[in-house]
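Below: the structure, in structure tokens.
Residue numbers (this note's numbering): 25 to 279.
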């Protein structure tokens, strides 16, 4: 099953461009006893798999440079130079439609974990694939979406604090990207930005921002551009409000 040394912990490659998702995924896997390496795009993933003895890949589907679908197809290709062409690849994605599952399967992925990630279920599916021989036609959708946001996130206070710090640092750039895309009516870029923001905000339990980001992503995808413009404006205002609240709270904590 594994190509890493027998007595060493399994080595997981996390391919994810979103920093909060990187932080949560790698922390939970390390807590479960796995070694983790993180790369931010598909090209870097291919290079890592050509050089390192990894046991499993957690693959984000929507990334710049080289997305998860193209990366997986390249790994599975007979012309691939990766060490293990049959390595288990589990999709990490906010996409949750049946067609998206089939797209993952067609690309050569073995499983599907929905974002926001539930740590218990993530570790369970990783263990499942590390404990058995890989069947390239075996595909399992593990939907981690649950009704209560506070139940599905399950983050320790220290990790949540770290995510808040990341959000405070990255929020101005998210807002700038949204404003720039909106001013140029670049709906494709606006869709990508809202998708990334939805993934970043889900872990914080920021219902308003997650909901607006999801609505914006959907409106752009379906060509409802007037709605997208109004939603983007509301989303930026909501982010400015939350950023101000978090910054004020951080100042008070340090007084």
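For each residue, glycine too, the CB sits at the ideal point set by N, CA and C. These numbers were taken from a predicted model, which means no experiment stands behind them.
{"query": "Residue 169 by DSSP, collapsed to three states: which one?", "result": "The pLDDT assigned to residue 169 is 39, lower than 50, so where the model puts this residue is not dependable; a value taken from the coordinates is nonetheless given after this. In the structure shown, residue 169 sits in coil (DSSP, three-state: anything other than H, G, I, E or B)."}
{"query": "State buried or exposed for residue 249, treating a residue as buried only when at least 16 other CB atoms are found within 10 Å of its CB.", "result": "exposed"}
{"query": "Assign residue 89 to buried or exposed, taking buried as 16 or more other Cβ atoms, counted over all protein chains shown, within 10 Å of its Cβ.", "result": "exposed"}
{"query": "Using the DSSP secondary-structure output, state which residues sit across from residue 83 in a beta bridge.", "result": "39 and 115"}
{"query": "Could you tell me whether any non-hydrogen atom of the ligand ATP is closer than 7 Å to the CB of residue 51?", "result": "Ligands in the displayed structure: none, and consequently the ligand ATP is not present."}
{"query": "Leaving out five residues on either side along the sequence, give the residues of the same chain with a beta carbon under 8 Å from the beta carbon of residue 97.", "result": "131 and 132"}
{"query": "Leaving out five residues before and five after residue 268 in sequence, what residues of the same chain have Cβ atoms less than 6 Å from its Cβ?", "result": "none"}
{"query": "Taking all protein chains shown into account, decide if residue 182 is buried (16 or more other Cβ within 10 angstroms of its Cβ) or exposed.", "result": "exposed"}
{"query": "Please identify the residue among 82, 95, 150 and 239 whose C-alpha is closest to the C-alpha of residue 117.", "result": "82"}
{"query": "Going straight from the alpha carbon of residue 20 to that of residue 106, what length do you get?", "result": "Beyond the ends of the chain as shown, which are 25 and 279, falls residue 20; an answer cannot be given."}
{"query": "How about the stretch 51-68 and the stretch 236-243: do they share at least three Cβ pairs that are nearer than 8 Å?", "result": "no"}
{"query": "Which same chain residues, not among the five before or five after residue 266, have their C-beta less than 7 Å away from its C-beta?", "result": "230 and 233"}
{"query": "Alpha carbon to alpha carbon, what distance is there between residue 38 and residue 78?", "result": "10 Å"}
{"query": "So if DSSP puts residue 138 in a beta bridge, which residue, or which two residues, is it bridged to?", "result": "117"}
{"query": "Does the separation of the CB atoms of residue 150 and residue 36 fall below 8 Å?", "result": "yes"}
{"query": "Using CA coordinates, which residue listed in 209, 208, 207 and 199 is at the minimum distance from residue 220?", "result": "199"}
{"query": "Just the Cα atoms here: how many angstroms apart are residue 32 and residue 213?", "result": "42 Å"}
{"query": "Are the CB atoms of residue 92 and residue 85 nearer to each other than 8 Å?", "result": "yes"}
{"query": "Just mark residue 52 as buried or exposed, buried being the case when its beta carbon has 16 or more other beta carbons within 10 Å.", "result": "buried"}
{"query": "Helix, strand or coil, according to DSSP, for residue 89 in the structure here?", "result": "coil"}
{"query": "Can you tell me whether residue 177 is buried or exposed? The criterion is at least 16 other CB atoms within 10 Å of its CB, across all chains shown.", "result": "Low per-residue confidence applies at residue 177: pLDDT is 47, beneath 50, and the placement is therefore not dependable enough to give any value."}
{"query": "Skipping 5 residues on each side, what residues in its chain have a beta carbon closer than 6 Å to that of residue 139?", "result": "118 and 223"}
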